[in-house]
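In this text, residue positions in the sequence shown follow our numbering: the first is 2, and each later residue adds one.
A virtual CB, placed ideally from N, CA and C, is assigned to each residue, including glycine.
Just so we're clear, the structure is a prediction, and the values are computed from it rather than from any experiment.
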Amino acid sequence: MSEGILMPEGSKRQAGQTGIEADNEYALQEDGSYTCKTCGSVIMAAKVAHPVWDGPFPMSGSGKCIYEEVPYCPKCEKRPECSGSLVTPKGGFHNP
Ligand SMILES: [Zn+2]
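This is the structure in C-alpha cells:
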C-alpha cells in the first residue's frame, strides 16, 4: 500500500455512503466531482464485481459479473472489497 494512508485501516469509516449519508460526507464540486468533507480528498470510485451465479451447480455460472461503482474517500474510508456478493438472476437456475 503506497497511497499515503494516514489512519490505520481499522479506524476508517465504512465506504460506500449513499443518499443522505453521502450528502453528509461528500461535497459536490463545480466540476461535478466530489470531495471528502472531512479531509478534502477527491472521492474515488472502486469497482466491485458481483459474480453472476446462473449455472446449475454450486458456484458455477457463465462467468459474467455485474459491476457496481462504490464511492469512497481514500484517506478516511476503507477501500471497498473488489469482490462483491454473488448474484443469482431472477429467472435463473437458483432463483426461478
Ligand atoms: Zn476523507
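Notebook entry, point to check: Taking DSSP as the reference, what is the three-state secondary structure of S3?
Noted result: Residue placement at S3 is flagged as unreliable, the pLDDT there being 46, under the threshold of 50; the coordinate-derived value follows with that caveat. Coil.
Notebook entry, point to check: Apart from the five residues just before and just after T39, which ones in its own chain have a Cβ nearer than 6 Å to its Cβ?
Noted result: C77
Check: Are there 16 or more other CB atoms within 10 angstroms of the CB of Y68, so buried, or fewer, so exposed?
Finding: exposed
Item checked: Other residues of its chain near M2: CB distance less than 7 Å, five sequence neighbours each side excluded -> With a pLDDT of only 43 at M2, under 50, the local geometry of the prediction cannot be trusted, and the value read off the model is given with reservation. Excluding positions up to five away in sequence, the list is empty.
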